[in-house]
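S.K.:
Chains as they are written, first to last, in our numbering: chain D, 1 to 230; chain U, 1 to 392.
(1) Around the C-beta of residue 7 (chain U), are 16 or more other C-beta atoms found within 10 angstroms, so that it is buried, or is it exposed?
(2) Starting from residue 141 (chain D) and walking both ways along the alpha helix (DSSP H), at which residues does that stretch end?
(3) So, is the C-beta of residue 215 (chain U) closer than 8 Å to a C-beta in chain D?
(4) For residue 20 (chain U), which of helix, strand or coil comes out of DSSP?
(5) If residue 48 (chain U) sits next to residue 129 (chain D), beta carbons under 8 Å apart, how far is it from one beta carbon to the other, in whole angstroms?
(6) According to DSSP, is residue 394 (chain U) helix, strand or coil?
(7) Whose Cβ in chain U lies nearer than 9 Å to the Cβ of residue 154 (chain D)?
(8) On the DSSP bridge assignment, give the partners of residue 203 (chain D) in chain order.
(9) With a threshold of 8 Å, are at least 3 pairs of Cβ atoms found where one atom belongs to the stretch 3 to 23 of chain D and the other to the stretch 173 to 186 of chain D?
(10) What does a CB cutoff of less than 7 Å around residue 58 (chain U) pick up in its chain, not counting 5 residues either side in sequence?
(11) Quick one: what's residue 156 (chain U) bridged to in DSSP?
(12) Could you name the residues of the same chain whose beta carbon sits closer than 7 Å to that of residue 71 (chain U), not counting the 5 residues immediately before and after it, in chain order?
(13) For the alpha helix (DSSP H) holding residue 99 (chain U), just list the boundary residues, first then last.
(14) Using 8 Å as the limit for Cβ to Cβ distance, is residue 1 (chain D) near chain U?
(15) Check the Cβ of residue 183 (chain U) against every Cβ in chain D and list those closer than 9 Å, keeping chain order.
(16) Would you kindly work out how many angstroms separate the C-alpha atoms of residue 183 (chain U) and residue 46 (chain U), rounded to a whole number?
(17) Using a Cβ-Cβ distance cut-off of 8 Å, determine whether residue 162 (chain D) contacts chain U.
(18) Three or more beta-carbon pairs under 8 Å between the stretch 77 to 87 of chain D and the stretch 48 to 63 of chain D, yes or no?
(19) Flag this pair as touching only if the stretch 247 to 261 of chain U and the stretch 207 to 216 of chain U have three or more C-beta atom pairs under 8 Å; answer yes or no.
(20) Checking 8 Å against the spacing of the C-beta atoms, do residue 128 (chain U) and residue 382 (chain U) come in under that value?
(21) I believe residue 79 (chain D) touches residue 143 (chain D) by the beta-carbon criterion, under 8 Å. Please report the beta-carbon distance rounded to the nearest angstrom.
(22) Given this structure, state the Cα-to-Cα distance separating residue 98 (chain D) from residue 186 (chain D), to the nearest angstrom.
(23) Does the separation of the CB atoms of residue 334 (chain U) and residue 208 (chain U) fall below 8 Å?
(24) Helix, strand or coil for residue 1 (chain D), going by three-state DSSP, please let me know.
(25) Taking the continuous beta strand (DSSP E) assigned at residue 79 (chain U), which residues delimit it?
(26) Using the C-alpha atoms, what's the distance from residue 55 (chain U) back to residue 200 (chain U)?
(27) By the 10 Å Cβ neighbour count, where 16 or more other Cβ atoms means buried, how is residue 1 (chain D) classified, buried or exposed?
(28) Does any residue of chain D have a CB that is nearer than 8 Å to the CB of residue 227 (chain U)?
(29) Could you work out which residue in U:322, U:350, U:343 is closest to residue 337 (chain U) when comparing CA atoms only?
(30) Skipping 5 residues on each side, what residues in its chain have a beta carbon closer than 6 Å to that of residue 147 (chain D)?
(31) So which residues of chain U does residue 75 (chain D) contact, with C-beta pairs closer than 9 Å?
(32) What would DSSP say about residue 389 (chain U), mapped onto helix, strand or coil?
(33) Helix, strand or coil for residue 61 (chain D)? Go by DSSP, reduced to three states.
(34) Starting from the Cα of residue 113 (chain U), find the closest Cα among U:236, U:392, U:386, U:380 and give me that residue.
(35) Output, in chain order, the set of chain U residues within a Cβ distance shorter than 8 Å of residue 80 (chain D).
(36) Considering only C-alpha positions, which residue in the set U:5, U:22, U:291, U:297 is nearest to residue 143 (chain U)?
Right under this line is the structure:
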């Protein structure tokens, strides 16, 4: 195999800081280079590896379309982008930073709702009462659909949210949200509660590798050295 | 395969020509419903889940459309937009493409676009006569197509509905059992919970219900209002205090309720185990009706009458197989259901046609009153494959 490996690394935020620190601890010095300085790079002493600096969401997409071979991104984004992430770009290493739970949350005022079964019950009569479906605001449309379907909840519609999802119930644009939370404080501040069985995914930053590449010698070596310094 | 060859196209056209004239001769008006459909109708009726099987997209004006996943809803929309009196008895047939996203990538059995030929009978005054007519015509179409060996499974969702109505239990339990009927495992769990053989799961709201039960609060609305006020919460997101109180009251009532009796749960088990020729099933159903009585006894009479009408129409009912659980996975049907299957050479069973009664569909999509409806759809490409295999 002569093709160069492309490693995608987050280009901004805390995920970038953690990822660069991790590479540094493992003895990989990342050098930004080339005509699109800032977007591409190499690792000192590692011939045949290119580094691509992308947003975490772009990294999940790049792993899906094959423009990156391995990358660091959030597990939430990985699974949102690919329903079959375990087949196409399985997780090689869980990195222990960037924790985020993807959860189903409803208004605290819904004193009678504790579980997905309750939500199902409420959603079933929603259409008859309101003439439309119960609305779920989220940017995780794929994760939401799969999770709700697996629990037999079908009587709802997704309202795609591009930010401030937690405000949707108060604003009246949705009744339920699926969003990420780390401490739960934003949910509390918005008077929302997580359903008992409403944790869709306990996500963190991961190193994912396109399927079939995990045994590639360069990938193996990179993975092993990163694992030693986790 | 990116398209059909002239030979394949002609083969399918010839098959349609063997099927459709029988429908037209029986008084079914040959219509062509739209391929592009407003996604709203499908999403509001079936919920978000349909997106996983349907091609939904946004047009340049921002409206959500879909490629029809079947021709039943499009035929219903055609009817409501064309019929002078939508409640009058009307018959339609159609032949055309349907589009479904095949989970797992698709194969020869589950192509993303496929041909359907079907019939719909709206506003039929006598439900069993209409049921019998539709199954009779479907079987006639199978023979006209040249299919000789096939299996027919029938079911009747009205029986289960009537059984629950006839067994003593709170109405809210019936509602829950009806809902879970489509999900066999959840249904089993629910039965165990209602009979008390499985502990009711404790949840984060159980303490609140404990208090509601202990305090014997008679005004649950006031209890909820007080609770919300104490927590500094306001009812939001489309649910008022009464909505919340109603469900809490049901949960509290469940704690005090006498569990579902052994006799009742056994009646449900006995019913769900019924399988056999329509005649054998009728005997078992009648025996059960003798114990249960009420609506169920009436529903068994309806079932028996339909069998008689099928026989009168020339259907060899001894060749049919009744299954009490058949139709469980087809959420929009409300009564009689049937499916025609062939055995493929590798031993797998392939459904080539199916149908049934769906009395709530037309009012759900805008008819001002309920209009009875029954129909069938034939998967003609599978049928053609079965015919080719049979003659090989």
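Idealized CB from N, CA, C, for every residue including glycine. Since the structure is predicted, the reported quantities are computational estimates derived from the model, not experimental observations.
M.R.: Here's the rundown:
(1) exposed
(2) 141 to 150
(3) no
(4) helix
(5) About 18 Å; that fails the 8 Å criterion.
(6) Past the edges of chain U, shown from 1 to 392, lies residue 394 (chain U), and the structure says nothing about it.
(7) 46, 47, 48, 49, 50, 331
(8) D:100
(9) no
(10) 64
(11) U:336
(12) 33, 94, 96, 98, 116, 118, 377
(13) That residue, residue 99 (chain U), is in no alpha helix (DSSP H); its beta strand (DSSP E) goes 90 to 99.
(14) Any reading at residue 1 (chain D) must be qualified, since the residue scores a pLDDT of 45, below 50, and its modelled position is unreliable; the value itself is stated next. No, no contact with chain U.
(15) 152
(16) 16 Å
(17) no
(18) yes
(19) yes
(20) no
(21) 6 Å
(22) 17 Å
(23) no
(24) At residue 1 (chain D), the pLDDT of 45 sits below 50, so the modelled position is not reliable; the number obtained from the coordinates is stated separately. Three-state result, residue 1 (chain D): coil.
(25) Where residue 79 (chain U) is concerned, there is no enclosing beta strand (DSSP E), although the alpha helix (DSSP H) it sits in stretches over 72 to 82.
(26) 40 Å
(27) Summary for residue 1 (chain D): the model assigns pLDDT 45, below 50, so the residue's position carries little reliability; its value from the coordinates is reported in the next sentence. Residue 1 (chain D) comes out exposed.
(28) yes
(29) U:322
(30) 200
(31) Ordered by position in chain U, no residue passes the 9 Å Cβ test against residue 75 (chain D), which lies about 21 Å from the chain.
(32) helix
(33) helix
(34) U:380
(35) Per Cβ cutoff of 8 Å: no residues; residue 80 (chain D) is ~15 Å from chain U at best.
(36) U:22
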